[in-house]
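Each number in my numbering corresponds to the 1-based position in the sequence shown with 405 added. Report on one structure; see the data block that follows.
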Amino acid sequence: QETGTDTVTVETPEATAERESAIDRVLGTVTVTATKKANVENVQDVPVAVTAFNAETLEALQVRDVSSLSYSAPNIQLEDIGTARGTANFSIRGLGINSSIPSIDPTVGVFVDGVYLGVNNGVVLDLFDLDSVEILRGPQGLLFGRNTTGGAILLNTGNPTDTFQYKAKATYEGPIDDGRGGPSSTLQAGISGPLVEGKLNGKLGAYYNYDEGYFLNKFTNDTIGEAQTFILRGALEYTPTEVLTILGKIESFSTQTDGPAARNSGVYDRDSFDIAVDNVGNYKNDTMFASLRTDYDVSFGNGRITNIFGYRDLDSTSNGDIDALPLFLFHSDTELMQKQYSNELRYAGTFGKADVTTGVFWFNQEIGYTERRNLPTVTAAQFNGGGYQDHTVYGVFGQVDYGFTDKLTGIFGLRYGTEEKTVDITYVRPRPFCSVVDGTCPTTGTNPFVPGEPNGFTDSQDWSNLNPKIGFQYEISDLMQVYGHYTQGVRSGGYNFRITNAAAFEALFPPGGSRAFDEESVNAYEVGFKYETDDRRGQVNAAVFFNDISDMQRELNLSSPTSGVAQTIVNTADAEILGFEVEARYALTDNFLLTANLGLLDAEYTNVIFDISGNGTVGPEDLALALPRVPEATYGVGALYDLDLGSRGRGRRGRRRRRWL
406 QETGTDTVTV
416 ETPEATAERE
426 SAIDRVLGTV
436 TVTATKKANV
446 ENVQDVPVAV
456 TAFNAETLEA
466 LQVRDVSSLS
476 YSAPNIQLED
486 IGTARGTANF
496 SIRGLGINSS
506 IPSIDPTVGV
516 FVDGVYLGVN
526 NGVVLDLFDL
536 DSVEILRGPQ
546 GLLFGRNTTG
556 GAILLNTGNP
566 TDTFQYKAKA
576 TYEGPIDDGR
586 GGPSSTLQAG
596 ISGPLVEGKL
606 NGKLGAYYNY
616 DEGYFLNKFT
626 NDTIGEAQTF
636 ILRGALEYTP
646 TEVLTILGKI
656 ESFSTQTDGP
666 AARNSGVYDR
676 DSFDIAVDNV
686 GNYKNDTMFA
696 SLRTDYDVSF
706 GNGRITNIFG
716 YRDLDSTSNG
726 DIDALPLFLF
736 HSDTELMQKQ
746 YSNELRYAGT
756 FGKADVTTGV
766 FWFNQEIGYT
776 ERRNLPTVTA
786 AQFNGGGYQD
796 HTVYGVFGQV
806 DYGFTDKLTG
816 IFGLRYGTEE
826 KTVDITYVRP
836 RPFCSVVDGT
846 CPTTGTNPFV
856 PGEPNGFTDS
866 QDWSNLNPKI
876 GFQYEISDLM
886 QVYGHYTQGV
896 RSGGYNFRIT
906 NAAAFEALFP
916 PGGSRAFDEE
926 SVNAYEVGFK
936 YETDDRRGQV
946 NAAVFFNDIS
956 DMQRELNLSS
966 PTSGVAQTIV
976 NTADAEILGF
986 EVEARYALTD
996 NFLLTANLGL
1006 LDAEYTNVIF
1016 DISGNGTVGP
1026 EDLALALPRV
1036 PEATYGVGAL
1046 YDLDLGSRGR
1056 GRRGRRRRRW
1066 L
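Here it is in structure tokens:
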């Protein structure tokens, strides 16, 4: 896959009097919040495998959504699921999911302004006004209230400024080629500055994108993939004293698009963009997101107490052509609601040679999901079903970084977490019209369209675990370090909202017992190296890691003559992933920068406990299967050239290339 961008930003002669080139901005110090210490740290100083981008770097790379960053870091794949626009299908170091079912916990957590997003829906959508993005590779459950096994994506939006600033930007992207697709246009603007000098700062931003779509529907000869997105964001920062800061942010997000641009690979070449569907479909998402952060500096340990409260309310509907043919064989509708609240309270301070970070975390969300399937060649009755879930998480965590010498630091951490899920699930089967979101889908009794078949069930399950971390950091010099650690991550057990084969499910999870699949755990070992040249024009970071996975959760998709596809989620196997990654950049001249990254993975099942091949038995053929979403290699190369146009403005030209093997 290849992308290229050409951008010219025109500025006044006064604005360019003291011009800072794009290369200077990219090479500048990038600070990160990943260690959650009282003060942000230089990305090159932290003993964590993290790729970070500040606002200047994101602008130089022309990042419009999270998936664009897949080009710029090793062993990451940040795509959407495909069948539901905007639904994240993220994978880091071979740990990912392959499902659009909203009840499935992600392996890669997404945090916006410190707030964990409880579902993957509405994640891979347009972004703007970002202060930084941090991609953390490996389990991150210790310092982050919500446990994640693959990694974490931290999105930090821009804060209000204490000086008056404004910015406006318009972009236009032409069609990919003459044979398909239409243009995409974007307008965005923001204003920021003091409202009460020295006390209150404010910020307001707006974003609009109209994308006419990138693909040609050969059935109608029209473009498919049209999308409109509008974002309105506001923020207030109040500093009543020198030691207290209160920062509130609120965002309204709305998008309306065509349904998935699906290609049937049984008919069309996998390497083509040939699409022919009789149902363009649609997707609509309205989300309200808010966060309130309070920072209070205390003399105790010269530290800081931080509290982050988060809220998210999401409503979405979709319709898609699942058979991806110019025939009405399998179309599907969904409706999803999610409402979440969370709060994290933590303290970070220093006591002699020890840096201490500790805190507590609470998270609650409600999810309601309805799925409808229309298979007119199978049955005239519509399939209806889905699930409702109430999900609560509590966590207590702490980490101590102790300096044994000026160069050697020991890292010791522990997290205790507990979570509970309560569900009402209705099997997605032929039945009278109902809606889980409206509370009209039955979970008791029998299906009137399928005599004797249960409508569904109600169940509750809880899990708790204690996860350690132990490691070291050795600073060879101010510009070079090595680090290593062992840590454990856990992905919660849960429930399948998309049960289309009631008999098969009840055989695996019989009434009277738990109807949930169990949690998945990862023991992760890593050794890393970071180096930066004296003039800071060059940088090399590398790591070797080993993931030992137990009770791997997998969604198994099997062809079903009665429901199109039957999807079962079970703990299938134990597995191992050995990996290596390196990323580097170097400025050859003051206006020419090269970047590169490489990731290698070697993965295998070590023990299979469920028939994942679908042949009816568990045997060598199951062990021989490849793990899903684990490419043997990922690599990326990039170049950035900055051209000074003097009083006429400035220009940047960039090209990035990425290939998955």
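Glycine included, C-beta positions come from ideal geometry on N, C-alpha and C.
Please report the straight-line C-alpha distance between isoleucine 540 and phenylalanine 735, rounded to a whole angstrom.
Whole-angstrom Cα-Cα distance: 37 Å.
For serine 926 and leucine 522, I'd like the C-alpha separation in whole angstroms.
Going by the C-alpha atoms only, they are around 21 Å apart.
DSSP three-state label for aspartate 726, please.
Here aspartate 726 sits in strand by DSSP.
Looking only at DSSP bridge pairs, what is glycine 1076 linked to?
The chain is shown only over 406 to 1066; residue 1076 falls outside these bounds and no answer can be derived.
Just how far apart, CA to CA, sit glutamate 937 and glutamine 958?
Rounded to the nearest angstrom, the two C-alpha atoms are 39 Å apart.
Under three-state DSSP, which class holds arginine 430?
Arginine 430 falls in the helix class under three-state DSSP.
Give the straight-line distance between the Cα atoms of tyrosine 752 and threonine 711, rounded to the nearest whole angstrom.
For tyrosine 752 and threonine 711, the distance between alpha carbons rounds to 6 Å.
Can you tell me whether asparagine 707 is helix, strand or coil according to DSSP?
It is helical.
Within 10 angstroms of the Cβ of aspartate 760, are there 16 or more other Cβ atoms? Answer buried if so, exposed if not.
Under this definition aspartate 760 is a buried residue.
Once DSSP output is grouped into helix, strand and coil, what is the label at valine 471?
In the structure shown, valine 471 sits in a helix (DSSP, three-state: H, G or I).
Inspect the beta-carbon positions of serine 508 and glutamine 794 and report whether they are closer than 9 Å.
In this structure, glutamine 794 lies closer than 9 Å to serine 508 by Cβ.
Alpha carbons only, please: which of Phe910, Asp679, Asn444 and Phe788 is nearest the one belonging to leucine 621?
Checked all of Phe910, Asp679, Asn444 and Phe788; the closest Cα to leucine 621 is Asp679.
Are alanine 695 and lysine 654 closer than 9 Å when you measure CB to CB?
Contact flag set, yes.
From which residue to which residue does the alpha helix (DSSP H) around alanine 379 run?
Residue numbering for the chain in the displayed model covers 406 to 1066; residue 379 lies beyond these limits and cannot be assessed.
Runs of 3 residues minimum, wholly inside the segment 837-902: which ones carry the beta strand (DSSP E) assignment?
Runs found: 861-882 and 885-896.
Is the beta carbon of glycine 850 within less than 8 Å of some heavy atom of the ligand SAM?
As far as ligands go, the structure on display features none, and thus does not contain the ligand SAM.
So for phenylalanine 624, helix, strand or coil by DSSP?
Phenylalanine 624 falls in the coil class under three-state DSSP.
Out of Glu461, Asp726 and Phe788, point me to the one whose CA is closest to asparagine 684's CA.
Per the Cα distances, Asp726.
Could you tell me if valine 415 is buried or exposed, where buried requires 16 or more neighbouring beta carbons within 10 angstroms of its beta carbon?
With a pLDDT of 38 at valine 415, under the threshold of 50, the modelled position of this residue cannot be trusted; read the value that follows with caution. So valine 415 counts as exposed.
How would you write the range of the alpha helix (DSSP H) that proline 1025 sits in, first residue to last?
Segment 1025-1028, the alpha helix (DSSP H) holding proline 1025.
Which same chain residues end up closer than 7 Å to arginine 941 when comparing Cβ atoms and leaving out the 5 residues on each side of it in sequence?
Taken in chain order, the residues that qualify are Leu432.
My output table needs one value for phenylalanine 735: the three-state DSSP class, helix, strand or coil.
In this structure, phenylalanine 735 counts as coil in the three-state DSSP scheme.
Which residues in the same chain as glycine 587 place their Cβ atom closer than 7 Å to its Cβ, once the five residues preceding and following it in sequence are excluded?
Same-chain partners within the cutoff: Pro580, Glu617, Gly618 and Thr628.
On a Cα-Cα basis, can you pick out the residue from Glu647, Ala457, Asn901 and Thr692 that is closest to leucine 560?
It is Ala457 whose Cα lies nearest to the Cα of leucine 560.
What is the rounded straight-line gap between the Cα of threonine 421 and the Cα of aspartate 429?
Low confidence applies to threonine 421: its pLDDT is 41, below 50, so where it sits in the model is not reliable enough to give any reading.
Just list the residues that DSSP pairs alanine 1031 with in beta bridges.
The partner list for alanine 1031 (beta bridge, DSSP) is empty, contrary to what the question assumes.
Cα-Cα, which of Ala729, Asn906, Ile506 and Arg498 is closest to threonine 553?
Out of Ala729, Asn906, Ile506 and Arg498, Arg498 has the C-alpha closest to the C-alpha of threonine 553.
Among Ser505, Asp534 and Asn494, which residue has its Cα nearest to the Cα of valine 515?
Valine 515 has its Cα closest to that of Asn494, out of Ser505, Asp534 and Asn494.
So what's glutamate 911 in DSSP terms, helix, strand or just coil?
In the structure shown, glutamate 911 sits in a helix (DSSP, three-state: H, G or I).
Among all the DSSP beta bridges, which residues are the ones paired with lysine 689?
DSSP lists Gln661 and Thr722 as partners of lysine 689.
Out of Leu592, Ala929, Gln593 and Tyr643, which has the shortest C-alpha to C-alpha gap to aspartate 567?
Measuring from the Cα of aspartate 567, the nearest candidate turns out to be Tyr643.
Could you have a look at tyrosine 476 and say whether DSSP puts it in helix, strand or coil?
Here tyrosine 476 sits in helix by DSSP.
In chain order, which alpha helix (DSSP H) runs of at least 4 residues are fully inside the segment 922-961?
Runs of the alpha helix (DSSP H) inside the segment 922-961: none found.
Report the rounded CA-to-CA distance for glutamate 931 versus glutamine 878, giving the unit in angstroms.
Distance between the alpha carbons of glutamate 931 and glutamine 878 is about 12 Å.
Got a sec? Which residues, its chain only, sit under 6 Å from isoleucine 486 by beta carbon, not counting five neighbours each side?
Around isoleucine 486: Thr492, Asn494 and Ser505.
When we look at the beta-carbon of glutamine 482 and count the other beta-carbons within 10 Å, is it buried (16 or more) or exposed?
Glutamine 482 should be labelled buried.
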